[in-house]
Every structure is written in structure tokens, then in C-alpha cells.
Amino acid sequence: MGKVLMAGNDAMAEAAICAGCRSYFGYPITPQNELLEYMSAHMPKAGGVFIQAESEVAAINMCYGASAAGARTMTSSSSPGISLKTEGISYIAGADLPCVIINVVRGGPGLGNIAPAQGDYFQATKGGGHGDYRMIVLAPATIPESIELVMLAFELADRYRVPVMVLADGMLGQMMEPVVLPEHIDPATLPVKPWAITGAKGRKPNLITSFFLDPVELSEINVKRQARYQKIEEREVRYEEHETADATVVVAAFGSVARIARTAVRMARNEGIKLGLLRPITLWPFPYAPLRALSQRVDVILTVEMNAGQMVEDVRLAVAERAKTPFYGELGGLVPSPRDILREVKRYAS
Amino acid sequence: MKTNAVNLTETEYLLPGNRACPGCALSLAYRHILKALEGQVIVTVPASCLTVLHGMYPVTSVNVPCVNTPFPSTGASATGLVAGLKALGKKGLTVLAIAGDGGTHDIGIQALSGAAERQEDFIYICYDNEGYMNTGNQRSGSTPLGAISGTTPILGKQQNQKDMTAIMEAHSIPYVATANASYPLDLYEKVRKAKAIEGTRFIHVFTPCPPGWGFPYSDTIKIGELAVKTGWVVLYEVEDGTFRLTSASESIARRGNLRPVRDYLREQGRFKNITEEQINELQDWVNARWSRCLDRATSL
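First to last, the protein sequences are chains A and B.
Mapping to the working numbering: the first sequence position 138 is 138, numbers consecutive.
Mapping to the working numbering: the second sequence position 175 is 1175, numbers consecutive.
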């Protein structure tokens, strides 16, 4: 298949269908409406189920049901809607179910606005919902990568039986880029899920639950789950380094900001400043080790985000005192320009 | 005294320069709702077209205080406002919860039902443009059978709308009414009446949406009138259990002829793909409700 021009929201919806997802549940909220609308038109054509729920709470728990039945399932929303979904996400994690959630982040807190932002980093990577659970969080920086990461999200969700979030933003949802769509995965070819609730003919009935009254039993289940999380941390860290080999200053940024920072790197290099970029692709598990390694050979790691400073806490955890770790953020749905980033870099570049 | 164009207050609480679309029926309805409450009101609004109409802080063209509340919470927010005013001993203010059909029929029904069951003391107005219009027109629990929307793009919606006014009447609240932006004086009188009653009061206001429904901006009033003339909307009120047809619906009941619902449907782009079968189904639905209303209208 050749290149087609697609908006991020449409592309992420199509990627889910390509990944063999045949059940999608959503609810209107800007700036992710196009994803919902794309699914309403294309999911039925693919022989799948599209349901517009009566609320975000309903949509995530429809995913809970579909996932319990063994189906690849997805919901999408934007920041306030994700807040409503968090109880459901915790239940899904607590019942060890795979599920893909797309967050097309907007400005917050509260109703905020509909501009691109990254203020949901903490919510996505540090829980959001209640209890000891983790969620794999994938942060695309381009539309082609959004497609790739939605496909990957389904694979990881099934492999580890965990919820996986794709953390996009209003810019990635709305902008268009040429993309090449991947081959469709036939859902019939996906591995069988022996734990799913499919009717108990000829076997013992399965139970999908996160409810364990006995503290010893709940503790054992949690310890096992934590071991699985540790495996994810060991195997699934993804990141990209750009022009870091000779860098003295490195920008750490994810998603849209990383994309903008790439231009800042080029501008800096034209002026003789040795600037590099480290872009976490998985926000959980976070690339602590690569940052630690980098901090041993650069002077400054400048974190740039569209929030008041969230990922910077993980950067500082990784770097400790080995390098300076300043922060530059834009709030309220403002998007930094390459020039803005370069200006900040110059404050630290010797 | 019956309200007319002469004795309607000239004071405006909704000023020009708001962010509503041209031809917006909500704009017209809200103007008369605020006139009826004489500005002595605290408004609570969830995510909806009205949030946008109210403007973005610190710029607003609305002259009454307003709380912007989460989407599922309008009934709860109003409950809290009433409790807060009571706790502070403040009297003489009406709390007005006003939400769209998405915020009422769908995501807001739990909070509204809870508040009505507790008989909380506020007016709840649902302005119904039969879809999620603020997010670009997706189907809601109030979108009619056969209507095309962003999420019913090909065949149109396959289910008919839910009767929210009937649901609210089933809560045994003291006042339930329907209204229509094309009949502003009827709306005005109903809000005046509701203001004087204590307890949860619910008014459903029909507000045609030119861009969402696909009719010219200049036809908003005509579409609202056609809705009443065809029985798509019935104007009535139920006060302490007593049902009464009002305004144009009362006149039609006395004259006794509704126009075919087809006359209403064909004016709107959203019904361009509707089937004959669906039109008949909608006509049967309209007929059945009209006949129930005639049965209940004991004063005719």
C-alpha cells in the first residue's frame, strides 16, 4: 500500500483496526472526536463493534467486558475523560486484562482547554487510578510513529496482560502527515486467551476479578503482578538518542516537544552548540539507565515539557547529581517553538 | 398577567457578542430564561455549547454568575450550590442548572436523578439540540431515529430518542415542563412559574441547531415551529401531577390537526438518508405520544 495523508486521530483509529482490534468504545471529547467518528464509520466495515457509550466511565468498562471476553479492545479520550476512566483502568490492571487506551491530551487541569499539552504525564505514569498498578505508556512524536505504537500497544497489552496507554496530544491528534498503513492482522490468527470468559463448556469456569478479601491472597497476587512489572521494566524500555555522541547539552523531551526539539538541535549545531536529544518512547517503563549513562558524559540535561515539570522528576531520579538538570515548560496549551528551546539551551551551553 | 412582547422585561442578561453560532436557538432560549429569573440566579453549566456561549475567562457576555462544572455532575453541582448558600444563610437566589442533552440524557442522568429523588431545590433546564453539537455533532440519547451524525455517519441513528421529560416526571418532582425556543413567551412563563415553586423543577427546552441539523441559519424559528405543528415537540407542563397543554400545542389540540411529521423531517439535512419505514415509525411515535397527551389534557 502506498502513502496516504492522514490526521493523527484517524491514523490511530486505523492502526487499531490493523492490529486486529474489533471492539472500540468511545465518547465525544475534543480534541479526539475524529478518532471516535473514524471508528463509527470504519469499525463496522471491518466486521467489528463500535459503540458510542453514554459516558467515559461506561466506555472503559465496556472495554473491561470485551477484554474479559478475550477480544482486543480499545477506548480513547482526552484528559478530563481519562480522569473518568481511571477507576476502570485500575480494575482492568487489577484483573490482569489487556486493554489499549489512547489519551489525546489537552490543556488542564479541570476543563482546561482543547490545545495540546503534556499535563497528564503523572496521571499516566504514576497511577492515576487507585492501588499498586502500572500501565505501559507509549509516547509517539509523529503520525507514522503513532500508528507503530498503537500496533505495539496491542501486542504488549496481550503479552503482559496489562493496560497500555498511548499518550498523544492535541497536536498529534489533529495534524496530518503522510503515512504507510501496515498490513491488517486477522484477529482469528491471534493467540488464544485461555483465561478469557468464553463459556465454560468442557472446562472449569474462568474468573475475572480484582477482589480478594484475604490479605495473604491479595498480597500474593500483587507480588506476582509486581514481578511481571519488573520484567516489563527489564525488556520494554524504548527511547531514541539523536546527536548525543559529542553533545555537551542534551534536551530530554517526549512526544510533540521532542519533535520540536529535533529542529532546535539542528539550529544549535548550525551555531556550533553541541546539542543532543534524548527522547523517551516508553514513559513507563522509563529509560532511567540511558539517561544515567548520558549524565556521565554531558554537563546539562535540559528537560522540556508542555507542563509545569512532570517528566523532569524521572530525569532527576536517573541523573541524580551527575549533571545539571534544569527544566523549561510551557503551560496552558502553549507549544514551545524550536527558537524557545534554543533560547533555553543557550542559558546552559558554554 | 399573561406575558407578551410589551410587558416582557427589557433588561438583558445575555449581552450581544457571545460565542454562539448564528441562528442558535440556545442563545434565544437562554436570553428569555435569564429575563424570567431577573438576574437573581447562580448558573451551573457542564461542558456544552453553553460553556462556549458563556465565553472564556475573563471575557463573558453573560451578566449572571456562573460555575463551570464537570460533564457528569450538573445535578450534583447544583445540589452543592444550594447547600452552600443554605450553609451561609443566603436567601433569594435561584440555582439554575443548565445542561445540554448529552449532559442530561447520557452522562449527567445519574447526578440529576439523585438530586431529583432528594427533591433538591433548584431549576434544571435541559436545552436539547439532539446531539453532541459542541464537539462537532455526535449522536446522543436524544438524537432521533434516522438522523445522520458524526458517529452515525452512514445509515443514521438506529434507535429513537429517550423521553427525558417523562423520566423526570417519574421522579414525582413538583414541576416538569417542555418548551421550545421558537415560543419564547411560553418558555418565559414556565421559568417564571418554576421560579416560584420549591423543590426540583425540570424544563426541557427544544433548541434547533442549524449547523448540526443541516438547515439554513435563518430558519431556526421555522424549524422550532414546525416541530410543534407536526407534534414532534409537544408543549406542556405538569404541575403537582396536573397535566396541561400550553401555547401552540394547546391551540392545535383544540383545532385538532397535526401536520405530517414528514414536513418537519424534510427540512433538515440530517434526515437525508431516512427510510420510508423510519418515517412511518417516527409518525407512529409522534401519534402515540400526541394521543397520550390529549388523554391527559383534562382541561380541553
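Yeah, the Cβ is synthetic: ideal placement off N, Cα and C, and Gly gets one too.
Cross-chain neighbours of Thr86 (chain A) in chain B, by beta carbon under 8 Å: Residue 86 (chain A) sits at position 86 when you count from the first residue of the first sequence. None at all; the shortest Cβ gap to chain B is about 14 Å.
Output the residue ranges of the beta strand (DSSP E) runs that lie fully inside the segment 40 to 101 of chain A and measure 3 residues or longer, sorted by chain position. 49 to 52, 73 to 77
Residues that DSSP places opposite Thr1201 (chain B) in a beta bridge: In the second sequence, counting from the first residue as 1, residue 1201 (chain B) sits at position 201. It is Arg, not Thr, that sits at residue 1201 (chain B) in the sequence shown. Looking at the DSSP assignment, Arg1201 (chain B) forms a beta bridge with B:Ile1123, B:Tyr1175.
Quick one: Cα of Thr1151 (chain B) to Cα of Gln1159 (chain B), how far? Looking up residue 1151 (chain B) in the second sequence gives position 151. Looking up residue 1159 (chain B) in the second sequence gives position 159. Distance between the alpha carbons of Thr1151 (chain B) and Gln1159 (chain B): 13 Å.
Between Gly81 (chain A) and Glu54 (chain A), which are expected to be in contact by the criterion C-beta below 8 Å, what is the C-beta distance as a whole number of angstroms? Stepping through the first sequence from its first residue, residue 81 (chain A) is reached at position 81. Stepping through the first sequence from its first residue, residue 54 (chain A) is reached at position 54. Not really, about 13 Å apart at Cβ, beyond 8 Å.
Could you check what DSSP says for Ile1107 (chain B) in three-state terms: helix, strand or coil? Position 107 of the second sequence, counted from the start, is the residue given in the question as residue 1107 (chain B). Three-state DSSP puts Ile1107 (chain B) in coil, outside helix and strand.
Report yes or no: is there a C-beta of chain B within less than 8 Å of the C-beta of Thr30 (chain A)? Along the first sequence, one-based indexing puts residue 30 (chain A) at 30. Cβ-Cβ to chain B under 8 Å: yes for Thr30 (chain A).
Determine the burial state of Glu1276 (chain B): buried for a count of at least 16 other Cβ atoms within 10 Å of its Cβ, exposed for fewer. The residue labelled residue 1276 (chain B) in the question sits at position 276 within the second sequence. Result: exposed.
Quick one: give me the first and last residue of the alpha helix (DSSP H) that Gly1075 (chain B) is part of. As a first step, residue 1075 (chain B) must be located in the second sequence, where it is residue number 75. Start and end: 1074 to 1087.
Where Glu1281 (chain B) falls: helix, strand or coil (DSSP): What you label residue 1281 (chain B) is simply residue 281 of the second sequence in a count that begins at 1. Three-state result, Glu1281 (chain B): helix.
Chain A partners of Gly1141 (chain B), CB-CB under 9 Å? On the second sequence, position 141 is the one that residue 1141 (chain B) refers to. Result: Glu54.
Burial state of Pro1216 (chain B), where buried means 16 or more other Cβ atoms lie within 10 Å: In the second sequence, residue 1216 (chain B) corresponds to position 216, counting from 1. It counts as exposed.
In the DSSP assignment, the beta strand (DSSP E) including Asn1068 (chain B) goes from what residue to what residue? Stepping through the second sequence from its first residue, residue 1068 (chain B) is reached at position 68. That run of the beta strand (DSSP E) goes 1066 to 1068.
Does the distance from the C-beta atom of Lys1229 (chain B) to that of Arg1254 (chain B) stay below 8 Å? In the second sequence, counting from the first residue as 1, residue 1229 (chain B) sits at position 229. In the second sequence, counting from the first residue as 1, residue 1254 (chain B) sits at position 254. No, the pair does not count as a contact, with Cβ atoms beyond the cut-off.
Nearest-angstrom Cα distance between Tyr239 (chain A) and Leu278 (chain A)? For the purposes of this step, residue 239 (chain A) is taken as residue 239 along the first sequence, with counting starting at 1. For the purposes of this step, residue 278 (chain A) is taken as residue 278 along the first sequence, with counting starting at 1. If I take the Cα positions, the gap works out to 7 Å.
List, in order along the chain, the chain A residues whose C-beta lies closer than 8 Å to that of Tyr1132 (chain B)? Looking up residue 1132 (chain B) in the second sequence gives position 132. Near Tyr1132 (chain B) (Cβ distances below 8 Å), the residues of chain A are Pro28.
If we define contact as Cβ-Cβ less than 8 Å, is Ser40 (chain A) a contact residue for chain B? Here residue 40 (chain A) is taken as the residue at index 40 of the first sequence, counted from 1. Yes, Ser40 (chain A) counts as interfacial toward chain B.
Under 8 Å Cβ-Cβ, which residues of chain B neighbour Lys36 (chain A)? Position 36 of the first sequence holds residue 36 (chain A). The residue you asked about is not Lys; residue 36 (chain A) is Leu in the sequence shown. Correct list: Gln1138, Gly1150, Thr1151.
If we define contact as Cβ-Cβ less than 8 Å, is Leu111 (chain A) a contact residue for chain B? Reading the first sequence from its first residue, position 111 is the one you call residue 111 (chain A). Chain B contact via Cβ: present.
Does the Cβ of Ile958 (chain B) have 16 or more other Cβ atoms within 10 Å, making it buried, or fewer, making it exposed? Outside the shown range of chain B (1001 to 1300) lies residue 958 (chain B), about which nothing can therefore be said.
For the beta strand (DSSP E) containing Ser23 (chain A), name the first residue and the last one. Translated into the one-based positions of the first sequence, residue 23 (chain A) becomes position 23. First-last of the beta strand (DSSP E) with Ser23 (chain A): 23 to 26.
Evaluate the contact criterion for the segment 62 to 72 of chain A versus the segment 38 to 45 of chain A: three or more CB pairs, one atom per stretch, below 8 Å. no
On the three-state DSSP scale, how would you describe Arg1244 (chain B)? Sequence index remark: in the second sequence, residue 1244 (chain B) carries index 244 (1-based). It is a strand residue.
Is there a Cβ from chain B that is less than 8 Å from the Cβ of Asn206 (chain A)? By one-based count along the first sequence, residue 206 (chain A) stands at place 206. No - not a single Cβ of chain B is within 8 Å of the one on Asn206 (chain A).
So, with DSSP's three-state summary, where would you put Thr1060 (chain B)? For the purposes of this step, residue 1060 (chain B) is identified with residue 60 of the second sequence, where counting begins at 1. DSSP places Thr1060 (chain B) in coil when its eight states are reduced to three.
Does DSSP put Lys201 (chain A) in a helix, in a strand, or in coil? As a working note, residue 201 (chain A) is residue 201 in the first sequence. Of the three classes helix, strand and coil, the one that applies to Lys201 (chain A) here is coil, per DSSP.
Cβ-based neighbour list, Asn1068 (chain B), same chain, cut-off 7 Å, excluding 5 preceding and 5 following: Residue numbering aside, residue 1068 (chain B) sits at position 68 when the second sequence is read from its first letter. Excluding positions up to five away in sequence, the list reads Val1045, Thr1051.
Residues that His242 (chain A) bridges to, as DSSP identifies them: Counting from 1 along the first sequence, the entry for residue 242 (chain A) is found at position 242. A:Leu277.
Is there contact between the segment 160 to 168 of chain A and the segment 309 to 319 of chain A, where contact requires at least three CB pairs shorter than 8 Å? no
Cutoff 8 Å: Ala1196 (chain B) Cβ touching any chain A Cβ: Start at 1 with the first residue of the second sequence, and residue 1196 (chain B) comes out as number 196. Judged by the 8 Å Cβ criterion, Ala1196 (chain B) is not in contact with chain A.
Spatial neighbours of Pro287 (chain A) within its chain, please: CB distance less than 7 Å, with the 5 preceding and 5 following residues excluded, ordered by chain position. If you number the first sequence from 1, residue 287 (chain A) lands on position 287. Correct list, in chain order: Val237, Tyr239, Pro280.
Could you please give me the residues that DSSP links to Asn1180 (chain B) through a beta bridge? One-based indexing of the second sequence puts residue 1180 (chain B) at position 180. Per DSSP, B:Phe1206.
For Val265 (chain A), which residues of its own chain have a beta-carbon under 6 Å away from its beta-carbon, when the five flanking residues on both sides are left out? Mapped onto the first sequence, residue 265 (chain A) falls at position 265. Within the same chain, Val265 (chain A) has close Cβ partners Glu243, Leu275, Leu277.
Could you please tell me which residues of the segment 1069 to 1086 of chain B, in chain order, have their CB closer than 8 Å to any CB of chain A? Pro1070, Phe1071, Pro1072
Quick one: is Gly119 (chain A) buried, meaning 16 or more other Cβ sit within 10 Å of its Cβ, or exposed? For the purposes of this step, residue 119 (chain A) is identified with residue 119 of the first sequence, where counting begins at 1. Burial call: buried.
Which term fits Leu1294 (chain B), buried or exposed, when burial requires 16 or more other beta carbons within 10 angstroms of its beta carbon? On the second sequence, position 294 is the one that residue 1294 (chain B) refers to. Burial call: exposed.
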